[in-house]
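Anchor point for the sequence shown: position 115 equals 129 in the working numbering, and the numbering is continuous, going up by one each time. Everything on this sheet refers to the single structure shown next.
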Amino acid sequence: MFDVVSFLTRLPVKRGAKIETVAAKSYLFPLAASFIGLVVGAVAFGGLAVLRFGGLAVWRFGVLGSEAGSEAGSELAALLVLLALYSLTGLLHLDGLADFFDGLMAGGGRSEKRRAMKDEKLGVAGLFAVVFVLLLNLFAVKTVCSGADFTAGFTAGFTAGFTHFYEFVGVFVVAEVSAKVSVNTCLFLGRRADATASAGSNEGLEVKGLGALFIKSQTAPKFAFALVSAVLVSLFFGTSFGVVVFVGVVVAFFVSRLARRNFGVVSGDVLGASNELARTATLLVLAILRGV
Numbered sequence: 015m016f017d018v019v020s021f022l023t024r025l026p027v028k029r030g031a032k033i034e035t036v037a038a039k040s041y042l043f044p045l046a047a048s049f050i051g052l053v054v055g056a057v058a059f060g061g062l063a064v065l066r067f068g069g070l071a072v073w074r075f076g077v078l079g080s081e082a083g084s085e086a087g088s089e090l091a092a093l094l095v096l097l098a099l100y101s102l103t104g105l106l107h108l109d110g111l112a113d114f115f116d117g118l119m120a121g122g123g124r125s126e127k128r129r130a131m132k133d134e135k136l137g138v139a140g141l142f143a144v145v146f147v148l149l150l151n152l153f154a155v156k157t158v159c160s161g162a163d164f165t166a167g168f169t170a171g172f173t174a175g176f177t178h179f180y181e182f183v184g185v186f187v188v189a190e191v192s193a194k195v196s197v198n199t200c201l202f203l204g205r206r207a208d209a210t211a212s213a214g215s216n217e218g219l220e221v222k223g224l225g226a227l228f229i230k231s232q233t234a235p236k237f238a239f240a241l242v243s244a245v246l247v248s249l250f251f252g253t254s255f256g257v258v259v260f261v262g263v264v265v266a267f268f269v270s271r272l273a274r275r276n277f278g279v280v281s282g283d284v285l286g287a288s289n290e291l292a293r294t295a296t297l298l299v300l301a302i303l304r305g306v
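This is the structure we're talking about:
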């Protein structure tokens, strides 16, 4: 597990972890994701609590209205969440998202699209995708934070306050678990992809890298373990969460389908894109559900 956490985060929990070992243990991604989500959720809860009560104090002095203070607190908390998330996990998956869309929007056949995806230069399509996804994340997290009622939770006693914390943090845990089970799903769907996939009418282009290594290590039992563990972790926070976590599976299906059609292979960049898109989609769904 330490190998996986070290790979998925910037935490030095285990130095010198071999990538082959991480690939073999990729079925543990959802469990490691629960730790990431718990940390991010705790940061969100603590930051929002400070900002909310600070805003309430400012409102009492007549500087801001209560609604304005609450709104500002939610926006700042959302920014804090994204900062905590990417400080903890790094930008590897976000970079994969940019490369994926650069390749997707490139002209030509599969070979040309793969070359565009592997190009180190950031294109307009990749930049647009990253900015758009970050804005969607910001909107979703802000919506979740806006719906948090800290006053009711803490004034009702310790039990009610803990329950509120439990439900609030669950949003971020499930979103991260959904993102990682999306990666596992992409690995499963792409496990039969040849490392030297045919480029159709174009010349073949050898596909190497992390994606090929992880796909080769993927098996049906490992995927089943990842999926079951993702559902169990999500159900721990509520029945609805156990359903919402499948958003990651749906996203992975469409992302891998696009990848096979445009690139002929599921690569590391595709996995990164699936991770980011699944997290965003899950946060949006949870934001909508909490707003109902």
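Quick reminder that beta carbons are idealized off the backbone N, C-alpha and C, glycines included. Computed from a predicted model, the values in this text were never measured in an experiment.
Query, Result
"Secondary structure at Met119, three-state DSSP: helix, strand or coil?", "coil"
"From the DSSP output, in three-state form, read off Thr233 for me.", "coil"
"Where does the unbroken alpha helix (DSSP H) through Gly204 begin, and where does it stop?", "Element bounds for Gly204: n/a, residue is neither H nor E."
"Quick test of the definition: if touching needs 3 or more C-beta pairs under 8 Å, does the stretch 186-195 touch the stretch 45-55?", "yes"
"Under the three-state reduction of DSSP, which class applies to Ala301: helix, strand or coil?", "helix"
"Taking buried to mean at least 16 other C-beta atoms within 10 Å of its own C-beta, is Pro44 buried or exposed?", "buried"
"Using alpha carbons as the reference points, say which of Ala273, Val187, Leu150 and Leu224 lies closest to Gly55.", "Val187"
"For Val195, which of helix, strand or coil comes out of DSSP?", "helix"
"Spatial neighbours of Leu249 within its chain, please: C-beta separation below 6 Å, excluding the five flanking residues on both sides.", "Gly256"
"Under three-state DSSP, which class holds Ser281?", "coil"
"Between which residues of its own chain and Gly117 is the CB-CB distance below 6 Å, once the five residues before and five after are set aside?", "Lys127, Ala130 and Met131"
"What is the DSSP secondary structure of Gly79, counted as helix, strand or coil?", "Caution applies to Gly79, whose pLDDT of 42 falls short of 50 and renders its modelled position unreliable; the model cannot decide the point."
"Go through its chain and collect everything with a Cβ distance to Gly286's Cβ below 8 Å, but skip five positions before and after it.", "Leu106, His107, Leu108, Asp109, Gly110, Leu111, Asp113 and Phe114"
"How do the stretch 140-156 and the stretch 88-103 stand: do at least 3 beta-carbon pairs fall below 8 Å, yes or no?", "yes"
"Quick one: is Thr35 buried, meaning 16 or more other Cβ sit within 10 Å of its Cβ, or exposed?", "exposed"
"Please report the straight-line C-alpha distance between Gly278 and Leu97, rounded to a whole angstrom.", "34 Å"
"Quick one: grab the DSSP three-state call for Leu25.", "coil"
"When you compare only the Cα positions, how much space is there between Ser40 and Lys236?", "8 Å"
"What does the Cβ neighbour count give for Leu136, buried or exposed, with the cut at 16 atoms within 10 Å?", "exposed"
"Can you name the start and end residues of the alpha helix (DSSP H) that Ser254 belongs to?", "Thr253 to Val258"
"So, helix, strand or coil for Met131, using DSSP?", "helix"
"Kindly give me the distance between the Cβ atoms of Lys32 and Ser20, rounded to whole angstroms, as I take these residues to be in contact under 8 Å.", "10 Å between Cβ atoms; not a contact."
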